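Residue numbers (my numbering): 530 to 714. For every residue, glycine included, the Cβ atom is placed at its ideal position computed from N, Cα and C. Just so it is clear, the structure is predicted and the values come from calculations on it, not from any experiment.
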């Protein structure tokens with residue numbers, strides 16, 4: 530898991546922007562489940578033009594690799610899978626930023642994100658565990674990495690899942706058979 534300084538470095542800036550965001554991926558799985566190693570931070574971010582300007586101010590080029598504004602604008606224009614990276618120059622720690630676009634799963638999850646306490650009075654907005662499970666099932670279906678079922682079972686066992694929230698998305702995304710397999714194993 531990223532150290533407090535690495536995670537805080539990004540989250541403080543995201544919080545200061547005021548744009549809706551949520552930590553997801555391995556970091557969310559770690560927070561909801563069991564510790565393991567991860568090399569980056571995955572963030573879903575709602576980014577309009579005003580928030581884009583705030584992002585460019587919050588992550589100064591003197592401290593971070595930030596793609597050119599034209600690249601960020603091009604990613605904003607994508608309705609699905611808009612993405613870019615932010616990299617802290619000194620540590621090399623990276624945030625993969627996924628834009629909400631018109632993804633209905635993002636739209637559903639953002640209002641349900643949980644604010645978890647972090648050191649120094651900071652709060653981290655984390656995707657709901659059901660969202661993390663759905664995404665990890667999708668990534669497992671796409672790539673077959675064994676880390677995803679382990680993370681899913683850990684989230685289920687440690688934090689628990691609201692099956693009323695999970696079930697409709699499993700059906701919509703065609704993930705129910707895969708869920709049943711992972712849940713049973």
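Give the straight-line distance between the Cα atoms of residue i and residue j, rounded to the nearest whole angstrom.
i           : j           : result
residue 615 : residue 656 : 19 angstroms
residue 556 : residue 562 : 10 angstroms
residue 571 : residue 622 : 11 angstroms
residue 550 : residue 706 : 30 angstroms
residue 667 : residue 547 : 29 angstroms
residue 580 : residue 665 : 28 angstroms
residue 677 : residue 712 : 12 angstroms
residue 646 : residue 543 : 15 angstroms
residue 633 : residue 578 : 21 angstroms
residue 610 : residue 573 : 10 angstroms
residue 696 : residue 553 : 19 angstroms
residue 582 : residue 686 : 41 angstroms
residue 530 : residue 569 : Its pLDDT being 47, under 50, residue 530 is placed unreliably in this model, and the value from its coordinates should be taken loosely. Roughly 9 angstroms separates the two Cα atoms.
residue 567 : residue 535 : 12 angstroms
residue 680 : residue 674 : 11 angstroms
Residue i and residue j: beta carbons closer than 7 angstroms?
i           : j           : result
residue 613 : residue 604 : yes
residue 575 : residue 629 : yes
residue 558 : residue 661 : yes
residue 545 : residue 587 : yes
residue 642 : residue 624 : no
residue 708 : residue 694 : no
Quick check on this structure: which residue in the options has the alpha carbon closest to the alpha carbon of residue i?
i           : options          : result
residue 689 : 596, 593 and 560 : 560
residue 683 : 534, 565 and 541 : 565
residue 710 : 569, 611 and 670 : 670
residue 539 : 591, 617 and 568 : 617
residue 637 : 658, 534 and 582 : 658
What are the partner residues of residue i, as DSSP defines its beta bridges?
i           : result
residue 620 : Answer by DSSP bridge pairing: none, since residue 620 is not bridged.
residue 567 : According to DSSP, residue 567 bridges with nothing at all.
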